[in-house]
Every structure is written in structure tokens, then in C-alpha cells.
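**Student:** If you scroll down you'll find the structure; I have some questions about it.
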Amino acid sequence: MQPVATDWLARAGVGLALLRLDLIDPQLSGNKWFKLAPHLARAAAEGAEGLISLGGAHSNHLHALAAAGQRFGFATAGLLRGTPQDTPTVRDLQAWGMTLHWLGYAGYRARHQAGFWAPWRDAYPGLLPVAEGGGGLSGALGCAVLVEQVRAGLPSLGWDDYDALWVAAGTGTTLAGLVMGEEGRHPVQGALAVPADHGVAGQVRALLQAAGRPDTGYRLLDASRGGFARLDADLARFLFAWEAKTGIALDPLYTTKALLALHGEVAAGRVARGSRLVLVHTGGLQGRRASLDRLRALAGYTQGDGPREAP
Ligand SMILES: *Cc1c(COP(=O)(O)O)cnc(C)c1O
1 MQPVATDWLA RAGVGLALLR LDLIDPQLSG NKWFKLAPHL ARAAAEGAEG LISLGGAHSN
61 HLHALAAAGQ RFGFATAGLL RGTPQDTPTV RDLQAWGMTL HWLGYAGYRA RHQAGFWAPW
121 RDAYPGLLPV AEGGGGLSGA LGCAVLVEQV RAGLPSLGWD DYDALWVAAG TGTTLAGLVM
181 GEEGRHPVQG ALAVPADHGV AGQVRALLQA AGRPDTGYRL LDASRGGFAR LDADLARFLF
241 AWEAKTGIAL DPLYTTKALL ALHGEVAAGR VARGSRLVLV HTGGLQGRRA SLDRLRALAG
301 YTQGDGPREA P
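So this is what it looks like as C-alpha cells:
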């Protein structure tokens with residue numbers, strides 16, 4: 001847990017600390033490790049040879065899965081969206097021994113249809129299928145322990161409590177896990193990194209229902225900025241200004257959007273003076289390798305000038 005100080009927080013009298021999941025491990029970073037852990041435990045209990053899952057060419061989830069396979073010695077296979085691409089993420093997946101299959105776009109869209117997994121189960125009978133992003137109830141339950149980590153970190157901040165938990169949401173699995181861990185003690189604010197038509201609200205509701213929990217204790221806020229992978233100049237400038245001020249690197253697609261949404265709420269006076277907020281830094285820094293040059297250009301840096309690497 002790390003306290004952060006910026007001008008806009010100070011002006012509003014709002015305290016903010018980050019739970020730095022990005023620092024856990026250089027390869028198994030962020031919320032994806034917590035979402036994966038229960039799937040790995042199940043694969044081990046069932047004597048599976050490994051795991052198979054899906055994602056895009058920059059997927060933090062597949063990256064964490066491939067890293068875990070390499071680290072702990074189990075087989076991994078990845079089903080990828082679209083046509084073959086050479087990205088820093090894909091090169092890591094290959095280097096770590098993940099078997100890759102490119103499904104095309106239509107093929108990938110079929111992932112929610114009944115029967116999608118049947119041919120892959122036949123091809124890889126020893127591999128346990130894991131939903132996209134490590135979703136599902138077990139992934140959410142893997143994230144519930146994060147609330148204990150927040151609580152354990154409070155003394156280091158000199159805080160006896162906090163007022164709300166903030167997290168970026170893609171599928172809403174991590175958010176649902178935090179709501180489960182909180183059991184109503186603190187509200188959880190989910191900053192939606194994807195547009196509303198991605199069905200996150202319904203997914204969170206279904207996960208809470210599956211866990212036998214009430215559908216309360218959280219709020220969703222649109223932080224998508226018009227599309228999941230869309231980058232803009234305001235986002236790029238915010239990201240670099242934040243990094244220069246705090247020394248904490250951000251991924252552009254999730255945590256930057258969550259912080260921008262938080263900034264918007266603070267600037268609009270919707271966060272009470274004296275509030276103490278905790279935001280979960282969900283990691284994902286590996287994914288930004290492919291977009292750093294574009295972010296620099298959007299922020300107005302010219303060749304040779306401005307930040308090149310994470311601080
Ligand atoms: C996947 C991801 C999220 C979103 O997690 P969900 O559980 O899908 O909502 C947030 N931040 C980062 C960095 C991620 O990689």
C-alpha cells in the first residue's frame with residue numbers, strides 16, 4: 001500500500017493510497033495472478049497437465065498464464081483473437097512455451113457459444129479450460145483476499161480505516177471479488193474501462209448471485225472514454241503527469257482510466273473532503289510496451305524528448 005500526493009488530491013483534501021499489485025512480480029503481475037490462482041489450484045487438484053485460455057495479442061491474462069506455466073512447469077495453450085500478430089506480449093508467450101492458435105475475429109466472437117470448447121477439449125484433453133481473463137466465480141473469489149491486503153496495509157499509512165475502494169473493471173471479475181471480500185464494510189467503485197454494452201453490470205450481478213451475495217455494495221462508473229483500446233491526448237498527458245509526480249507507472253487501458261475517473265469525481269466535488277480512498281493498481285504494465293510510442297506522440301513529446309520507459 002502506497003500513499004500518493006498530487007495537487008488535485010491536496011486541493012480537494014482527499015487521501016489516496018494504491019494497492020500496488022503491479023509490484024508483486026515482474027512477470028506474474030497484477031490482478032491476473034489472483035484470478036489465476038484458484039484455476040491453478042484446481043488444475044493441480046485434478047492432475048491436469050496445464051491450462052488453456054483465450055485473449056488478445058496484448059492480453060495481460062495470457063501473459064500471466066504463460067509466465068506461470070514457465071515458472072511452475074505446466075503446459076499452456078492460448079487461443080488468440082484475430083490474425084497472427086507480432087507484439088511484445090506474443091513474443092513473451094512464445095518464449096515461455098505457450099502453444100498459440102489464432103482464431104480470427106469471427107472465430108473469437110464465438111467463444112461464448114455452446115460447443116466452443118468441445119474441439120479444444122478434444123485437442124488438449126489434459127488442459128483445463130479457463131474463461132477469458134480468468135473470469136468466473138473462482139477468479140472472483142481469488143480476488144476477495146485483496147481486501148485483507150488492503151486492511152493489512154492501513155497501519156503503514158497511519159490510517160485506521162478507509163472510505164471506499166476503487167478498481168478498474170474489464171469483465172468485472174476483480175470488482176466482484178472485492179465486493180465479496182468487503183461484505184458491505186466499504187463501498188467499491190468500479191471504473192468501467194469498457195463501454196457499457198460489454199455487459200459488465202450483468203456479469204458482476206451474476207457473480208455475486210453465484211456467490212450467494214446481495215447485489216449491493218458497489219457502483220459502476222463509465223471510464224471507458226468511448227472504447228476499450230482507444231487512447232487520447234488527455235489520457236496520455238494525465239498518465240505522464242501522474243508518473244512524473246508519483247513515480248508510479250500506469251497502464252493506459254485500465255488504471256489510468258480509473259484514476260482519470262477518480263480525478264473527474266474529485267474535480268466535480270463528488271468526493272467529500274477528508275475522504276480516504278484506496279485504488280487497486282491492477283498491473284498490466286507489460287501490455288503498454290506496444291503503445292508507449294503512440295502515448296508519447298499523443299502527449300506531444302517529440303523524438304528523443306519525454307519519458308521512454310516506466311519510471
Ligand atoms: C484485466 C485487467 C483489469 C480488469 O479486470 P477484470 O477482472 O476483468 O474486471 C484491470 N486492470 C488490468 C491492468 C487488467 O489487466
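Residue numbers for the sequence shown, in the UniProt record's numbering: 1 to 311. Glycine included, C-beta positions come from ideal geometry on N, C-alpha and C. Remember, predicted model here, so these are calculated numbers, not experimental data.
Roughly how many angstroms separate the alpha carbons of S138 and G300, rounded to a whole number?
**Tutor:** One C-alpha to the other measures close to 43 Å.
**Student:** Can you look up G104 in the DSSP assignment and give me helix, strand or coil?
**Tutor:** helix
**Student:** What three-state label does DSSP hand P3 in the structure shown?
**Tutor:** strand
**Student:** Taking only heavy atoms of ligand 1 into account, decide whether any of them is closer than 8 Å to the Cβ of G135.
**Tutor:** yes
**Student:** Once you ignore the five residues that flank G156 on each side, which residues in its own chain have a CB closer than 8 Å to its CB?
**Tutor:** Contrary to the premise, residue 156 reads as Ser rather than Gly in this sequence. The answer, listed in chain order, is M1.
**Student:** Are the beta-carbon atoms belonging to A17 and R276 less than 9 Å from one another?
**Tutor:** yes
**Student:** Give the C-beta separation of M180 and L141 to the nearest angstrom, bearing in mind that I take them to be a contact with Cβ-Cβ under 8 Å.
**Tutor:** 7 Å
**Student:** Taking 8 Å as the cut-off, is the C-beta of H39 nearer than that to any heavy atom in ligand 1?
**Tutor:** no
**Student:** Provide the residue span of the alpha helix (DSSP H) that contains S209, from first to last.
**Tutor:** This sequence places Gln at residue 209; Ser is not what is there. Q209 -> alpha helix (DSSP H) spans V200 to A210.
**Student:** Over the uninterrupted beta strand (DSSP E) stretch that includes L192, give me the two end residues.
**Tutor:** First-last of the beta strand (DSSP E) with L192: V188 to L192.
**Student:** From A191, W120, S29 and W8, pick the residue whose C-alpha is nearest to that of A249; which is it?
**Tutor:** S29
**Student:** Note down, one range per segment and in chain order, each beta strand (DSSP E) of at least 3 residues found wholly within the region 124–189.
**Tutor:** 127–129 and 164–169
**Student:** To the nearest angstrom, how far is the alpha carbon of N31 from that of G304?
**Tutor:** 33 Å
**Student:** Who are the near neighbours of V90 in its chain, counting only those whose CB is closer than 6 Å to its CB and skipping five residues on each side?
**Tutor:** In its chain, beyond the 5 residues on either side, A57 have a beta carbon closer than 6 Å to the beta carbon of V90.
**Student:** Can you tell me the Cβ-Cβ gap for L207 and V200, rounded? I've got them flagged as a contact below 8 Å.
**Tutor:** Between V200 and L207 the Cβ distance is about 10 Å, and since that is not below 8 Å, they are no contact.
**Student:** Mind checking which residues open and close the beta strand (DSSP E) that includes G13?
**Tutor:** First-last for G13: undefined, no H or E at that position.
**Student:** Return yes when the C-beta of Y108 is under 8 Å from any heavy atom of ligand 1, and no when it is not.
**Tutor:** no
**Student:** What does the alpha-carbon distance come out to for the pair A261 and G47?
**Tutor:** Rounded to the nearest whole angstrom, the CA to CA distance from A261 to G47 is 43 Å.
**Student:** Keeping to the same chain, check which residues put their C-beta closer than 6 Å to that of A43; ignore five residues upstream and five downstream.
**Tutor:** L51 and L128
**Student:** Quick check: the Cα distance between A123 and F74, rounded to an integer number of angstroms?
**Tutor:** 17 Å
**Student:** For the region 99–111 against the region 285–296, are there 3 or more C-beta pairs whose distance is under 8 Å?
**Tutor:** no
**Student:** With three or more beta-carbon pairs closer than 8 Å as the criterion, would you say the region 31–41 touches the region 130–137?
**Tutor:** yes
**Student:** I believe Q149 touches L19 by the beta-carbon criterion, under 8 Å. Please report the beta-carbon distance rounded to the nearest angstrom.
**Tutor:** 6 Å
**Student:** Count the other C-beta atoms from every protein chain shown that fall within 10 angstroms of the C-beta of W242, then say buried if there are 16 or more, exposed otherwise.
**Tutor:** buried
**Student:** By a C-beta neighbour count over all protein chains shown, 10 Å radius and 16 as the cutoff for buried, is P119 buried or exposed?
**Tutor:** exposed
**Student:** Using the beta-carbon count (16 or more within 10 Å), is E182 buried or exposed?
**Tutor:** When all chains shown are included, E182 counts as buried.
**Student:** Using the Cα positions of G170 and L80, report the straight-line distance between them to the nearest angstrom.
**Tutor:** 17 Å
**Student:** For ligand 1, any of its heavy atoms closer than 8 Å to the Cβ of V271?
**Tutor:** No, since every heavy atom of ligand 1 falls outside the 8 Å radius drawn around the Cβ of V271.
**Student:** Quick check: does the Cβ of H198 come within less than 8 Å of any heavy atom belonging to ligand 1?
**Tutor:** Not so, every heavy atom of ligand 1 lies at least 8 Å from the Cβ.
**Student:** Need the endpoints of the alpha helix (DSSP H) that D222 sits in, please.
**Tutor:** D222: not part of any alpha helix (DSSP H); member of the beta strand (DSSP E) spanning Y218 to D222, first to last residue.
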